[in-house]
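Number 2 in UniProt numbering belongs to position 2 of the sequence shown; there are no gaps in the numbering.
Working notes, beginning with the structure itself.
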Amino acid sequence: MKNLPDDFPRSLKKYFWDTDFSKLNKNSHSQFIIGRILEYGDERAIKWLFKSFKRSEIGETIEKRRNMSPLSAHYWGLILSIPRDKILCLQQQSQNKLQKTWPH
Numbered sequence: 001m002k003n004l005p006d007d008f009p010r011s012l013k014k015y016f017w018d019t020d021f022s023k024l025n026k027n028s029h030s031q032f033i034i035g036r037i038l039e040y041g042d043e044r045a046i047k048w049l050f051k052s053f054k055r056s057e058i059g060e061t062i063e064k065r066r067n068m069s070p071l072s073a074h075y076w077g078l079i080l081s082i083p084r085d086k087i088l089c090l091q092q093q094s095q096n097k098l099q100k101t102w103p104h
């Protein structure tokens, strides 16, 4: 398929609306790709994600991403057995930053 990254199904393009999809690289953009699909992906996208990345990579992304929603972080933390205190976006400091950025 023209203008699609290697190993990326066309159905994933909708999750990268603000990005040049053809330039995404699974190696150098892995945390961005994983985070976006965990946050917005449907069942098919999640299945692709778990086939394409190691569980350890997915878990590391959940632990390190600051801009993951608390709902998604809680959910995926439970699914992958990641303790709440290891998930950066669920720490008080990250939550305070989120509230300052979006006060509504």
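No residue lacks a Cβ here, since even glycine has one placed at the ideal position from N, Cα and C.
- Query: Closest by CA to residue 60, which one among 71, 43, 80 and 44?
  - Reply: 80
- Query: Below 9 Å between beta carbons: does that hold for residue 11 and residue 39?
  - Reply: Residue 39 sits away from residue 11, with the two beta carbons spaced by 9 Å or more.
- Task: Report the option in 53, 26, 46 and 54 whose CA atom is closest to the CA atom of residue 72.
- Result: 46
- Task: Starting from the C-beta of residue 26, find all residues in its chain whose C-beta is less than 6 Å away, skip the five residues before and the five after it, and write them out in chain order.
- Result: none
- Taking C-alpha atoms, which residue in 24, 65 and 15 lies nearest to residue 41? 15
- Message: Comparing C-alpha positions only, which one of 20, 17, 44 and 35 sits nearest to residue 87?
- Response: The shortest Cα separation from residue 87 among 20, 17, 44 and 35 belongs to 35.
- Hey, residue 55 and residue 89: beta-carbon distance below 9 Å or not? no
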